[in-house]
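Numbering (this note's numbering) for the sequence shown: 13 to 239. We put the CB at the ideal spot given by N, CA and C, even for glycine. Model, not experiment: these values are computed from the prediction. Data block below; observations after.
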Amino acid sequence: MQTEVFSELFPLMSTATPQTLEWLLNVAIEHEYPSGRAVVMEDAWGNAVYFVVSGWVKVRRTVGEDSVALAIFGKGDFFGEMAILDESPRSTDVIALSSVNLLSVSRERFIQILFKDPQLHHRMLQLMVRRLRQINLRLQMRSSPPAVKLAHTLVTLGESYGQESNCGKEIFNIPFKDLAEVTEIGVDETTKIMEKLHEKGWIKIDNTNNIIYLVNFKQLMNLAGKV
13 MQTEVFSELF
23 PLMSTATPQT
33 LEWLLNVAIE
43 HEYPSGRAVV
53 MEDAWGNAVY
63 FVVSGWVKVR
73 RTVGEDSVAL
83 AIFGKGDFFG
93 EMAILDESPR
103 STDVIALSSV
113 NLLSVSRERF
123 IQILFKDPQL
133 HHRMLQLMVR
143 RLRQINLRLQ
153 MRSSPPAVKL
163 AHTLVTLGES
173 YGQESNCGKE
183 IFNIPFKDLA
193 EVTEIGVDET
203 TKIMEKLHEK
213 GWIKIDNTNN
223 IIYLVNFKQL
233 MNLAGKV
């Protein structure tokens, strides 16, 4: 991958120097995983930072035999940075929702890079603060109606990872169970709301190609309270 492509693909790298980008690519390791494969196991957190080159993954918490999706990441995002900074154990793992291509940079290498490039360090802190704000917003929305919360999840995924198409922004056809858990509503509620949004023409679900089209993004934003 060329440094220019790497910088454009990952917002984290938008302020990194050409030297930093080149060094990162030289030390990065490429990984490919099929859908359903564990990308990061519970005992592997803190070993590396991972960059999503293509595909979709979910972070899930596991307690005994049960697991709950906590977050969903798509192309252009990264994860694992918190674990390398605080070095605390995690009771979570990362699962590929689709076929996934990742780049990983070891903890030692990434920390070296942060010390060498203050602009990258600052940019990472900015994005981490943004994530904290998103978490705070989710907490504030806990008492909101399920449809509002689900619309907020869809809009956030569309804004973060959506690809423009003739049918609107397209995102991966995330299983309703995962959508429900990330949104913190029931699976039955999620199913009913998604069916209603489909009937209204605000979304279109293409099960053949595993795509959800956010057809009427403006209406979804209105429902989510983002306008």
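Using DSSP with H/G/I as helix, E/B as strand and the rest coil, what is residue i?
{"i": "isoleucine 186", "result": "coil"}
{"i": "leucine 109", "result": "coil"}
{"i": "serine 103", "result": "coil"}
{"i": "phenylalanine 63", "result": "strand"}
{"i": "serine 172", "result": "helix"}
{"i": "isoleucine 41", "result": "strand"}
{"i": "phenylalanine 22", "result": "coil"}
{"i": "lysine 238", "result": "coil"}
{"i": "alanine 28", "result": "coil"}
{"i": "arginine 142", "result": "helix"}
{"i": "threonine 220", "result": "coil"}
{"i": "arginine 49", "result": "coil"}
{"i": "serine 155", "result": "helix"}
What is the rounded straight-line gap between the Cα of residue i and the Cα of residue j?
{"i": "alanine 83", "j": "lysine 128", "result": "30 Å"}
{"i": "lysine 238", "j": "methionine 25", "result": "27 Å"}
{"i": "glutamate 44", "j": "valine 160", "result": "35 Å"}
{"i": "serine 172", "j": "isoleucine 123", "result": "26 Å"}
{"i": "glutamate 16", "j": "glutamate 201", "result": "43 Å"}
{"i": "methionine 140", "j": "histidine 134", "result": "10 Å"}
{"i": "valine 227", "j": "aspartate 218", "result": "12 Å"}
{"i": "alanine 81", "j": "isoleucine 125", "result": "31 Å"}
{"i": "valine 117", "j": "serine 111", "result": "20 Å"}
{"i": "valine 194", "j": "isoleucine 41", "result": "29 Å"}
{"i": "arginine 73", "j": "arginine 150", "result": "17 Å"}
{"i": "threonine 104", "j": "tryptophan 57", "result": "8 Å"}
{"i": "methionine 136", "j": "arginine 142", "result": "10 Å"}
{"i": "leucine 36", "j": "threonine 29", "result": "11 Å"}
{"i": "alanine 236", "j": "arginine 145", "result": "16 Å"}
{"i": "valine 106", "j": "leucine 191", "result": "15 Å"}
{"i": "phenylalanine 138", "j": "glutamine 14", "result": "Checking the sequence, you will find glutamine at residue 138 rather than phenylalanine. Their Cα atoms are separated by approximately 25 Å."}
{"i": "aspartate 78", "j": "valine 65", "result": "29 Å"}
{"i": "glutamine 152", "j": "phenylalanine 85", "result": "21 Å"}
{"i": "isoleucine 76", "j": "serine 177", "result": "Reading off the sequence shown, one finds glycine at residue 76, where the question assumed isoleucine. Taking the straight line joining both Cα atoms gives about 41 Å."}
{"i": "arginine 154", "j": "glutamate 196", "result": "8 Å"}
Going by Cα to Cα distance, which pick from the options is closest to residue i?
{"i": "glutamine 131", "options": "Leu235, Gln31, Leu21 and Gln14", "result": "Gln31"}
{"i": "phenylalanine 91", "options": "Ser79, Val51, Glu120 and Asp78", "result": "Val51"}
{"i": "glutamine 231", "options": "Asn221, Trp214 and Val75", "result": "Trp214"}
{"i": "phenylalanine 188", "options": "Leu162, Gly170 and Ala60", "result": "Leu162"}
{"i": "arginine 121", "options": "Asn221, Leu33 and Phe22", "result": "Leu33"}
{"i": "leucine 307", "options": "Val61, Ile147, Asn221 and Met206", "result": "There is no way to answer for residue 307, as the model of the chain reaches only from 13 to 239."}
{"i": "isoleucine 186", "options": "Asn221, Arg102, Phe22 and Asp89", "result": "Asn221"}
Compare the beta carbon distance of residue i and residue j with 8 Å and say whether it is the shorter of the two.
{"i": "phenylalanine 63", "j": "leucine 114", "result": "yes"}
{"i": "glycine 180", "j": "phenylalanine 229", "result": "yes"}
{"i": "valine 69", "j": "leucine 109", "result": "yes"}
{"i": "asparagine 59", "j": "arginine 119", "result": "yes"}
{"i": "histidine 210", "j": "lysine 216", "result": "yes"}
{"i": "glycine 88", "j": "proline 157", "result": "no"}
Kindly list the residues whose CB is nearer than 6 Å to the CB of residue i, restricted to its own chain and excluding five residues on each side of it in sequence; keep chain order.
{"i": "glutamate 182", "result": "Gln175, Ile223 and Tyr225"}
Quick check: is any heavy atom of the ligand ATP less than 7 Å from the C-beta of residue i?
{"i": "glutamate 77", "result": "Of ligands this structure carries none, so the ligand ATP is not represented either."}
Apart from the five residues on each side of it in sequence, which residues of its chain come closer than 8 Å, Cβ to Cβ, to residue i?
{"i": "methionine 94", "result": "Met140"}
{"i": "methionine 53", "result": "Asp105"}
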